[in-house]
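When the letters of the sequence shown are read in order and numbered with UniProt numbering, they come out as residues 1 to 213.
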Amino acid sequence: MLTIAMPKGRIFDEASELLRQAGYKLPPEFDDSRKLILDIEEENIRFILAKPMDVPTYVEHGVADVGIAGKDVMLEEERNVYEVLDLKISGCYLAVAGLSDGPIKGVAPKIATKYPNVASNYFREQGEQVEIIKLNGSIELAPLIGLADRIVDIVSTGRTLTENGLMETAFIEPITSRFIVNPVSYRTKDAIIDDMVERLSAVVEGGSGDENR
Ligand SMILES: Nc1ncnc2c1ncn2[C@@H]1O[C@H](COP(=O)(O)OP(=O)(O)OP(=O)(O)O)[C@@H](O)[C@H]1O
Ligand SMILES: O=P(O)(O)OC[C@H]1O[C@H](OP(=O)(O)OP(=O)(O)O)[C@H](O)[C@@H]1O
């Protein structure tokens with residue numbers, strides 16, 4: 001059996017749709033279940049439903065053989081997993097934003113973010129010394145109430161920035177979801193994983209993936 005770590009939340013619907021297009025028979029109950037472990041016996045697949053940020057952790061520890069994770073999560077977590085396919089779903093990007101795009105005053109400006117590693121790597125590469133403040137959500141609030149000078153966060157439509165009077169000051173990295181694999185599973189379950197990667201890849205590249213099935 002192959003265990004796949006699926007992110008709950010935003011990515012889930014697009015990832016399920018991709019798997020269906022690749023020919024995997026996921027029952028309708030799959031979409032609105034509260035179960036955290038779902039076995040699809042006819043496909044010989046077990047799904048575990050995880051917080052998006054935790055998916056690489058399950059895969060690194062081998063309790064999931066494969067998983068689907070945002071590139072943002074991969075950059076933040078730096079887990080020992082193989083990133084084998086860009087699924088090209090749930091697109092967005094990481095950016096720096098603030099109340100204005102002028103220079104920031106002070107020696108070590110405060111940067112609020114859900115992504116402390118991404119943010120500190122980015123500012124180190126820029127040669128800027130900053131103080132990182134880790135938050136778990138509503139990041140855009142931080143500059144509005146004086147907790148931080150800038151934020152590092154995901155931008156998708158740009159609506160959250162606009163509605164809070166913030167502007168993007170730098171683009172960091174484009175983000176899509178990735179298919180990731182545990183290194184040991186890649187050796188021991190190569191046939192089933194290769195098959196899954198091929199089928200997903202066919203869908204991503206434009207075919208339906210199950211044309212010849
Ligand atoms: N507008 C967006 N905001 C945040 N993440 C997005 C957005 N668009 C796509 N994504 C992708 O979705 C993933 C986050 O999904 P989701 O928001 O469901 O999880 P979360 O950040 O853990 O949310 P929460 O903490 O609200 O439960 C990110 O890792 C990213 O790759
Ligand atoms: O550019 P937009 O389309 O507005 O999307 C970007 C916003 O969406 C995410 O927040 P989320 O909705 O996950 O809420 P959170 O603040 O709890 O992280 C992200 O952190 C931004 O705040």
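Note that beta-carbon positions come from the ideal geometry of N, C-alpha and C, so glycine has one too.
As assigned by DSSP and simplified to three states, the class of residue i
i           : result
residue 213 : Since pLDDT at residue 213 reaches only 39, below the 50 mark, its modelled position is unreliable, and the value read off the structure follows with that caveat. Of the three classes helix, strand and coil, the one that applies to residue 213 here is coil, per DSSP.
residue 36  : coil
residue 155 : strand
residue 113 : strand
residue 176 : coil
residue 7   : strand
residue 89  : coil
residue 142 : helix
residue 49  : strand
residue 26  : coil
residue 71  : helix
residue 128 : coil
Terminal residues of the beta strand (DSSP E) in which residue i lies
i           : result
residue 124 : Residue 124 -> not in any beta strand (DSSP E); alpha helix (DSSP H) instead, spanning 116-125.
residue 93  : 92-98
residue 105 : Taken as a continuous stretch (DSSP letters only), residue 105 belongs to no beta strand (DSSP E), as it is neither H nor E.
residue 134 : 131-134
heavy atom of ligand 2 below 8 angstroms from residue i C-beta
i           : result
residue 156 : yes
residue 138 : yes
residue 176 : no
residue 160 : yes
residue 13  : no
residue 153 : yes
residue 114 : yes
beta-carbon residue i near ligand 1 non-hydrogen atom, thresh 8 angstroms
i           : result
residue 73  : yes
residue 10  : yes
residue 90  : yes
residue 214 : Nothing about residue 214 can be read from this structure; the chain reaches only from 1 to 213.
residue 69  : yes
residue 53  : yes
residue 7   : yes
In DSSP terms, what residue i is bridged to
i           : result
residue 181 : 66 and 82
residue 150 : 111
residue 170 : 96
residue 19  : The partner list for residue 19 (beta bridge, DSSP) is empty, contrary to what the question assumes.
residue 2   : 45
Element boundaries [alpha helix (DSSP H), containing residue i]
i           : result
residue 198 : 190-204
residue 60  : 55-60
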